[in-house]
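In this note's numbering, the protein residues as written are 13 to 383.
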C-alpha cells in the first residue's frame, strides 16, 4: 500500500466547519441521497482539494463518491477535474451501475461526464468485479479499481481491456493518440454469471472478479487521512504526503462493508486492496490452492518411498518418458503458471520422476557396493 493514500470524508460537521473557515462551504446542500442519510457533496471543496493535489504533483486521483444530481457548483468542480487532466493527472470517478444506458441519466452530472474517466463499483463482499463482458456488447466494461490502476500505469494513455479466459487474465492494451504504447496484464480469480438488477448485471453477463486481501488495522491506520484534516494541512506537509501518490477521495459515512473478521470499514478499502494487489502483481489464489501444494508434497514423499521399494522394476524407457514429461510440464508452467498445471498433470509428473529418481539412486548404490 506504499503508493496509496486515502482521504476519507467521515465527519460532515468538521468538514463543513473547515470549509466555511476557508470560504468553501456549500450552505446546506444535501445533494446525494444514499439510504436514509444525506451525504453532502462538497463539490467546491472537492474542487479545491483536486487543485491542491495537482499542485502537489499527485499521480492519479480517484473519487469514490457518487454525483448523480446537479448543483450550483458543478461547473467549478468539473473545471478543476478538467484542469487536472490537462496537467497530466488523471481523475477517475465511480458509478453504481454496469448498464451504459442509465449512467448518464442517473450516476454522473453533465459537468463530469466528458471530463473524467469512470469505472463501476461493486456490491460483492470482499471480492471485486474487475471487468464485465456482455454478449453482443461493443467492448468490455471496466471497474473503478481497474480504471484507477490503468491510470497509474500510463496516466497519458487510454486503456482497452481484452480477456483471456484460458490464461485467466485481463490484458490492458494502452494507446496514445491511436498508437499502441504498452500491454500489461492483470490476473482474475473467478468468473461469475449471476444477474443483479440493481447494478445492471444480466444473467448472461460474464463478470471477471478478483478475490481481495483484507487490509489490516495497521494498513488502514497508515493510509487513512480525515478529509477535514487534509484541508488544513500546510503546503509543505500536503506536498510531502501526496507527491507521486495515487490518491483516493472517498465516502466513509454511508458506504460501509463488513470484513471477514467482523470489522466494519468503508468500502474504499475494497478498492484500495484491489488496486494494491494489481500494483504488486499479486492476486489471491483460488480457495484451496494450498491444498495442491500439500498434495504435491505428499506425493513426493510417497513416491520416493514407492521408488525405493520398486527400484528393481524400473527401466530406462520410463526415465525417457519422465524427461519428456518434465520438459512439457516446465514449458506449460512458464506459460500459464504453476496453479494451472497442478491438477492433475503436475502431481503425476512428480510421482513418476521421484519413483524413477529413487530407483536410479538405489541402482547406483548397488553398483558401487559391487565394485
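All C-beta atoms, glycine included, are put in the ideal place defined by N, C-alpha and C.
- Shown here, residue 62 sits in a helix according to DSSP, grouped into three states.
- When the beta-carbon positions are compared, residue 86 and residue 136 stay at least 8 Å from each other.
- Per DSSP, residue 28 lies in no beta strand (DSSP E) segment; the continuous alpha helix (DSSP H) that holds it begins and ends at 24-33.
- Secondary structure within the region 92-145: the alpha helix (DSSP H) runs of 4 or more consecutive residues, fully enclosed, are 122-125 (chain order).
- In this chain, the beta strand (DSSP E) harbouring residue 220 covers 218-223.
- Note: residue 74 is bridge-paired with 104, 260 in the DSSP secondary-structure output.
- Distance from the Cα of residue 157 is smallest, within the candidate group 99, 176, 98, 220, for 220.
- For residue 194, the enclosing beta strand (DSSP E) has its first and last residue at 191-199.
- Residue state for residue 57 is assigned as helix, using DSSP reduced to three classes.
- Under the three-state reduction of DSSP, residue 275 is assigned to coil, being neither helix nor strand.
- Cα atoms of residue 61 and residue 243: separation of roughly 7 Å, rounded to the nearest angstrom.
- Contact annotation: residue 164 and residue 255 have beta-carbon atoms that are not nearer than 8 Å.
- CA-CA distance, residue 122 to residue 107, rounds to 13 Å.
- With a beta-carbon spacing of about 20 Å, residue 159 and residue 190 fall beyond the 8 Å limit used to define contacts.
- Of all alpha-carbon atoms in 152, 235, 166, 66, the one lying nearest the alpha-carbon of residue 283 is that of 235.
- Between the C-alpha atoms of residue 64 and residue 27 there is a straight-line separation of about 16 Å.
- Boundaries cannot be given for residue 79, as no alpha helix (DSSP H) includes it and DSSP labels it neither H nor E.
- Looking at the DSSP output, residue 17 bridges to 259.
- Taking every protein chain shown into account, the CB of residue 233 has fewer than 16 other CB atoms within 10 angstroms, so this residue is exposed.
- With respect to residue 145, residue 175 sits close: the two C-beta atoms are nearer than 8 Å.
- The closest CA to that of residue 30, considering only 168, 238, 180, 275, is found on 238.
- Residue 261 is classed as buried because its beta carbon has at least 16 other beta carbons within 10 Å across all chains shown.
- Per DSSP, residue 248 is one residue of the alpha helix (DSSP H) stretching across 247-254.
- In the structure shown, residue 154 adopts extended strand secondary structure according to DSSP, grouped into three states.
- Annotation for residue 182: the continuous beta strand (DSSP E) segment containing it runs 181-188.
- For residue 268, the enclosing beta strand (DSSP E) has its first and last residue at 268-270.
- Assigned with DSSP and collapsed to three states, residue 231 falls in helix.
- In the DSSP assignment, residue 176 is bridged to 181.
- When Cβ pairs closer than 8 Å are counted between the two stretches, the region 285-293 is seen to touch the region 213-227, the count reaching three or more.
- In the three-state reduction of the DSSP assignment, residue 170 falls in the strand class, which pools E and B.
- Minimum Cα-Cα distance from residue 13 among the listed residues 276, 373, 281, 381 corresponds to 281.
- Of the candidates 127, 185, 151, the residue whose Cα lies closest to the Cα of residue 105 is 127.
- In this chain, the alpha helix (DSSP H) harbouring residue 243 covers 239-243.
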